[in-house]
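Asks: To start, I am sharing the structure in question, which I have written as structure tokens.
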């Protein structure tokens, strides 16, 4: 397993539209990814689970996946960090 951390950049946090963009990118990647925040973990491919985490702008989340997914995690970190996500 490898992990990457990201700071949520979207003004709305990881809710609604930003969460949907993130989940779509995860599902398009075909990689099983876990996102963790504040001691809770969620399936990054599930919109409901991601929104339930309640991550706000400026919060740090951790993405985890198999070792072969480093490039995918890097792209997702970039997506989460964008203010316009």
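In the working numbering, the protein residues as written are 450 to 534.
Beta carbons are placed, not taken as given, at the ideal position from N, Cα and C, and that holds for glycine.
#1: Between which two residues does the beta strand (DSSP E) containing residue 456 stretch?
#2: In chain order, what residues of the same chain lie with their CB nearer than 8 Å to the CB of residue 526, ignoring the 5 residues before and after it?
#3: Where DSSP assigns a beta bridge to residue 492, which residues make up the other side?
#4: Roughly how many whole angstroms lie between the Cα atoms of residue 482 and residue 523?
#5: Over what stretch of residues does the beta strand (DSSP E) that includes residue 513 continue unbroken?
#6: Give the single residue among 451, 464, 450 whose Cα lies nearest to the Cα of residue 506.
#7: Starting from residue 530, trace the alpha helix (DSSP H) in both directions and tell me its first and last residue.
Replies: On the basis of the supplied data:
#1: 451-456
#2: 453, 454, 455, 512
#3: 483
#4: Using only the alpha carbons, I get a separation of about 12 Å.
#5: 509-514
#6: 464
#7: 519-530
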